[in-house]
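Enquirer: For the record, the sequence lines run as chains A and B.
Going by our numbering, 101 is the number at position 116 of the first sequence; the sequence numbering is gapless.
Here our numbering runs 126 ahead of the position in the second sequence, where the first position is 1.
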Amino acid sequence: MKTIMIILGLFITTTLLQAGVEIKTFDSQEQELRYKKVIGELRCLVCQNQNLSGSDADLAKDLRKQVYKMIRNGQSNKDITEYMVARYGDFVLYRPQFKATTFLLWIGPFIILAIGLFVLIRFIRLRKKNITTALTDSDKEKLKQLLDDNKVQSK
Amino acid sequence: MSRALLPLVAFIILVIFLGIGLTKDPRKLPSPFIGKAAPAFTLPLLHQADKTFSPNMMLGKVWVLNVWASWCVSCRAEHPVLNELIKSFKVNLIGLNYKDEVADAKRWLSRYGDPYQASVSDIEGLVGIDWGVYGVPETFIIDKKGIVRLKHTGPVNNKDVREEIIPLLKKLENES
């Protein structure tokens, strides 16, 4: 019983520890929406598959603070992403920019799709051709014979 | 080549690509600072809080900026390597004490040794953001013109020192 109480107690303390909510006030709803959008599109570099808004890492908190400060200063989303890219590189963006080093990332899937379609169409055409040219003269003769046999039988 | 082999070939190519992917460390990111001027800052020294340090004081010298903290476990693993480095090679090593308490940082250095010419306190971690720090410890090498030439994320080991850091420091020393 005592151990259960201790375990329960631990649960309660850890949930209390997690309950820290960041209170951020904005001048307008537009700013708040912008803040949410930006921290949703920036990657947390410590826990790489989370964005800034979803991460509890120390660095993520600092970067959220930075984004907040920049938004309160009236800086645009572009200013903020440029600020982050200058420091952490393109990797910080969940939606990479379209440029020489990233074009393959963007259009690669479409290239592969095009190759797939091309192969598929060729395959279908080839098969059609095979079917139409499949009957040689001897084949046709055989077929005729079979059909004739069939007629005789059904009579 | 028989058509039946085609899927096998495609599969092998895929395996090769995935295999290459496995050998890469996703935590090692290309730093946007390489080849660019070291970000400026002015911060108080850890041991003499009334004095400040800023990177432009190091112009004309090759120097190393090592980001560390007393709370950082891998810094402790890295620390003996830095202690050895300064014994074997003449290097201007500056420590950036990142998001730490001054008292903790001082205690840590007196316990594990202080290889730094000077450490600066970045208590808020804002300079860390300017330098793109995301995984302490991090090590930067800056050349005589104040350009960042190398960034190493994570603890530096003896092999890194031997094969990467000392050769680069020697090369940069010879640059004008």
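Even for Gly, the Cβ is constructed at its ideal location relative to N, Cα and C.
Source: prediction; values computed, not measured.
1) Looking at the secondary structure, which residues open and close the beta strand (DSSP E) in which B/Ala244 lies?
2) Would you call the stretch 217 to 224 of chain B and the stretch 190 to 199 of chain B in contact, with 3 or more CB pairs under 8 Å?
3) Using a cut-off of 7 Å between C-beta atoms, extract the partners of B/Tyr260 located in chain A.
4) Pull the bridge partners of B/Pro170 from the DSSP assignment, please.
5) Are B/Gly258 and A/Tyr73 closer than 7 Å when you measure CB to CB?
6) Taking only three categories from DSSP, how would you classify A/Arg80?
7) On the DSSP letters alone, give me the boundaries of the beta strand (DSSP E) that B/Tyr224 sits inside.
8) Counting only Cβ-Cβ distances shorter than 9 Å, please list the residues of the stretch 220 to 253 of chain B near chain A, keeping chain order.
9) Only counting the same chain, and skipping five residues up and downstream in sequence, which positions put a Cβ closer than 7 Å to that of A/Arg19?
10) Please go through the stretch -5 to 54 of chain A and give each complete alpha helix (DSSP H) segment of 4 or more residues, from N-terminal end onward.
11) Step through the CB atoms of chain A and report whether any lies within less than 7 Å of the CB of B/Leu155.
12) For a quick check, are the C-beta atoms of A/Gln32 and A/Ser38 less than 7 Å apart?
13) Any C-beta of chain B within less than 8 Å: which residues of the stretch 48 to 61 of chain A qualify?
14) Can you check whether the C-beta of B/Pro281 is within less than 7 Å of a C-beta belonging to chain A?
15) Would you kindly report the start and end of the unbroken alpha helix (DSSP H) that includes B/Asn209?
16) Against A/Val70, what residues of chain B qualify as contacts under a CB-to-CB distance less than 8 Å, listed in chain order?
17) Counting C-beta neighbours from all protein chains within 10 Å, is the total for A/Gln82 16 or more, i.e. buried, or is it exposed?
18) Quick check: the Cα distance between B/Pro170 and B/Arg237, rounded to an integer number of angstroms?
19) Please name the residue, chosen from B/His278, B/Ile267, B/Val287 and B/Pro263, that lies closest to B/Ser200 on a Cα-to-Cα basis.
20) Quick check: the stretch 267 to 286 of chain B against the stretch 173 to 189 of chain B, are there 3 or more CB pairs under 8 Å?
21) Can you give me the C-alpha to C-alpha distance between B/Phe143 and B/Ala203, rounded to a whole angstrom?
Expert: In short, the structure shows the following:
1) Ala244 to Asp248
2) yes
3) Leu30, Val31, Leu44 and Tyr73
4) B/Thr178
5) yes
6) coil
7) Asn218 to Tyr224
8) Lys225, Glu250, Gly251 and Leu252
9) Ile56 and Asn62
10) 14 to 26
11) yes
12) What sits at residue 32 of chain A in the sequence shown is Cys, not Gln. Contact: no.
13) Leu48 and Gln51
14) no
15) Val199 to Ser214
16) Pro158
17) exposed
18) 22 Å
19) B/Pro263
20) yes
21) 33 Å
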